[in-house]
Each structure stands twice: as structure tokens, then as C-alpha cells.
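**Student:** Below you'll find the structure I mean.
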Amino acid sequence: MLHAHGLRVTRAAVSVLAVLSAQSAALTHEEVLATCRLASEAGFDRVTVYRVLDRLTQAGLADRLMGSDGVARFMLHDAQSSQLFECEACHRLQSLPEDAELQAVLERLSRSLRRRGMKPSESALRIRGTCADCRH
Ligand SMILES: [Zn+2]
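Structure follows, in C-alpha cells:
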């Protein structure tokens, strides 16, 4: 995956990618760092992890998402990473469940915009509320 995106395959890059792949929610830099350190005996310093997250984001492998708390969170880039649920209490960002009808609605809206002379390039949907953990 790193090779395919022209990135150097370093131990830190592989670890960060593994951490992001294992999560369905977006993680802060601190959370990625803590998980990398838990998973490995070797030390990971915060600057290295920050640089890896930056490179993954620039290469389009990860998305850098801003929560309404102003903290950046990172998630592996896929079709679902632009369709998110944000908890207003803990600011966790999670992918919305897949929904074939939603895809159809977004495509219909795109066609409708094109008919009006606009050229849609991307869409993002964010639903805010309270997550299951914070509701208890
Ligand atoms: Zn929450």
C-alpha cells in the first residue's frame, strides 16, 4: 500500500497504517502514538508519528478530519471516510453505516447540480449527536 503510493516503507509508517486500518473511528495524533507504543516494544516518538500521518494524508491514504473541538483526527481514506458521525460530547468521529440508498441520493444530487451548470467534485456528510458510550 505504501509502495503503491510512492511512500517509503519504514517501521513507523507500517505501524501507523496498521493502527489506522484496525479502527473504524478516526484517531487523534496522541491516540495513534499511544496505540503504536502499546503494540510495539520499540519507542515511537511523537514527531515521527506526526510526520508519518502527514505523509499518509498527503498521499491520499489517510484523511485528516477536524472535529468541532478543533482537534485533527486521522482515518484511513475510503468511500466511508467522508460520511461520518461525530459525537458532540467526546468528539469521536466514526464512519456512518453503509447505505446503498444514500449513495443513490448523492449521485442524484450530483446529476442535478450538473444540470444547473455546477461541477461537483466531492461530497461529505456529517451527522452530529451523542455516541453510544456517552449516552450511558
Ligand atoms: Zn461520545
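Quick note on the numbering used here: the sequence shown kicks off at 22 and runs consecutively.
No residue lacks a Cβ here, since even glycine has one placed at the ideal position from N, Cα and C.
1) Residues around ligand 2, please: the condition is that the C-beta lies closer than 5 Å to some non-hydrogen atom of it.
2) When you compare only the Cα positions, how much space is there between M96 and A25?
3) Could you tell me the distance, in whole angstroms, from the CA atom of L59 to the CA atom of M139?
4) What are the partner residues of E107, as DSSP defines its beta bridges?
5) Among residues of its own chain, excluding the 5 on either side of E107, which ones have a beta-carbon nearer than 7 Å to its beta-carbon?
6) Look at S61 and S116 and say whether their C-beta atoms are less than 7 Å apart.
7) From H112 to A43, what does the alpha carbon distance come to, in whole angstroms?
**Tutor:** So, from the data block:
1) Ligand 2 is not part of this structure, which contains only ligand 1.
2) The straight-line gap from Cα to Cα measures roughly 18 Å.
3) Between the alpha carbons of L59 and M139 lies a gap of roughly 48 Å.
4) For E107, the pairing in a beta bridge is given by DSSP as L114 and R149.
5) Residues G88, S89, L114, R147 and R149 of the same chain have their beta carbon placed closer than 7 Å to that of E107, with the five preceding and five following residues left out of the count.
6) In this structure, S116 does not lie closer than 7 Å to S61 by Cβ.
7) Between H112 and A43, the C-alpha separation is close to 19 Å.
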